[in-house]
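Chains as they are written, first to last, in the numbering used here: chain V, 3 to 114; chain X, 80 to 389.
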């Protein structure tokens with residue numbers, strides 16, 4: 003494994019940790035897989051389609067999201083949105099995230 | 080909908096537990112359709128989009144999460160069918176041998192033996208099938224290569240193949256084999272109608288006939304549709320029984336004492352009785368020839384119909 007791939011692996015790991023939070027943050031309103039993917043990518047969050055779609059299902063099975071098939075349109079789509087538990091979890095995660103940023107900033111500042 | 084997309088979805092879904100398959104396929108199809116959107120459907124574009132989703136095995140792994148299992152989900156269906164098949168074969172063998180064992184040993188031993196062999200046999204079937212599939216599962220790791228091509232995707236199964244009813248087949252095997260065995264044992268044990276000097280050499284061919292019948296039944300159970308292997312074995316079996324019936328019915332297999340016995344108890348002459356029986360044999364032969372030909376033709380027609388639709 004060369005230096006570059008070590009670095010890219012570490013970056014991928016860092017991102018992976020933030021993915022759930024980013025996804026939950028976008029689901030205050032109903033979204034289907036592809037619209038969410040586009041939303042995230044315009045906001046600069048890099049997530050693969052092959053990662054996002056299974057992630058949505060996993061979050062649903064954990065009870066953080068609820069889903070509904072919309073068959074009214076020409077293309078049937080599965081819409082996801084936060085469940086009450088999901089909202090609660092999201093709020094706690096955001097708090098945790100703020101704390102993490104502060105701590106990390108502190109550590110990084112000291113190092114400089 | 081694009082063939083490649085369907086093949087991709089199939090490749091993913093067949094590696095998922097049955098309970099997830101339908102919903103994941105539907106959602107994946109909708110998402111891919113969204114990704115294709117209004118782009119022109121060139122093969123390269125489709126390939127790009129599918130590659131964005133990753134290798135089908137990789138995607139299936141993500142959908143499944145990190146569950147632990149003895150039987151890998153992609154083998155689960157085959158595992159269940161194998162269990163059923165081996166179980167059924169076992170029960171058929173056990174049941175069809177009943178008449179023979181009853182004949183030899185009497186009822187009580189049979190009931191005891193049957194219970195013992197059924198419970199032991201079924202447990203063995205279960206154990207070895209499970210171990211076999213566990214080994215297959217641990218050997219074939221779910222590889223997800225970095226580079227893959229559209230052509231690597233598995234072919235979609237043909238939808239229109241006409242099914243062969245399992246229940247009917249099982250009944251056919253049990254009935255056919257036990258009737259065949261009973262018939263053979265009757266003849267062997269000097270059933271007075273038969274001329275044993277003539278029938279004796281035919282016995283081995285009766286056994287082959289029963290064996291063929293059994294094999295055809297098993298092949299039908301395995302494939303479950305009128306596909307080429309089933310048609311081939313069925314045709315062989317039918318042609319065999321046709322040739323066999325011809326030679327057997329044309330032989331002088333009846334005991335001549337029958338003619339005298341019937342003549343003694345009726346007003347007909349031996350000559351008339353012999354002629355009547357010979358005529359019945361001829362008619363029976365014609366019925367068998369016509370019946371077999373019709374059933375072979377029906378079978379080929381079924382296969383033709385399926386392939387025309389596909």
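Each residue gets a CB set at the ideal place from its N, CA and C atoms; glycine is no exception.
Segment contact: the region 238-258 of chain X against the region 294-307 of chain X, three or more CB-CB distances shorter than 8 Å; contact assigned.
Restricting attention to V:71, V:7 and V:39, the CA atom closest to the CA of residue 80 of chain V is found in V:71. Of the residues assessed, residue 132 of chain X falls on the buried side of the cut-off, its CB having 16 or more other CB atoms within 10 angstroms. Counting only the Cα atoms, residue 201 of chain X lies some 7 Å from residue 169 of chain X. Close to residue 95 of chain X, with beta-carbon spacing below 9 Å, lies no residue of chain V; the smallest spacing is near 10 Å. Excluding residues up to 5 positions away in sequence, 21 lie with their Cβ nearer than 8 Å to the Cβ of residue 53 of chain V in the same chain.
Contact annotation: the region 90-110 of chain V touches the region 16-31 of chain V, with at least three C-beta pairs closer than 8 Å. Annotation: Cβ neighbours of residue 112 of chain X in chain V (cutoff 7 Å, chain order): 77.
Within chain X, the residues 141 have their CB atoms less than 7 Å from the CB of residue 53 of chain V, given in chain order.
Using a Cβ-Cβ cut-off of 7 Å, residue 191 of chain X is close to nothing in chain V; its nearest Cβ partner there is about 50 Å away.
A Cβ-Cβ distance of about 35 Å is found for the pair residue 82 of chain V and residue 110 of chain V, leaving them out of contact under the 8 Å criterion. By the neighbour-count definition (other C-beta atoms within 10 Å, threshold 16), residue 137 of chain X is a buried residue. Shown here is that no member of the region 64-76 of chain V has a Cβ falling below 7 Å from a Cβ of chain X. Using beta-carbon distances, residue 80 of chain V counts as an interface residue toward chain X, with a partner under 8 Å. The beta carbon of residue 31 of chain V lies closer than 8 Å to those of 83 in the same chain, with the five residues before and after it left out. Taking 8 Å as the cut-off, the beta carbon of residue 288 of chain X is found no closer than this to the beta carbon of residue 264 of chain X. Judged by beta-carbon spacing, residue 114 of chain X lies beyond the 8 Å limit of residue 55 of chain V, meaning their Cβ atoms are not closer than that value.
Between the alpha carbons of residue 89 of chain V and residue 299 of chain X lies a gap of roughly 55 Å.
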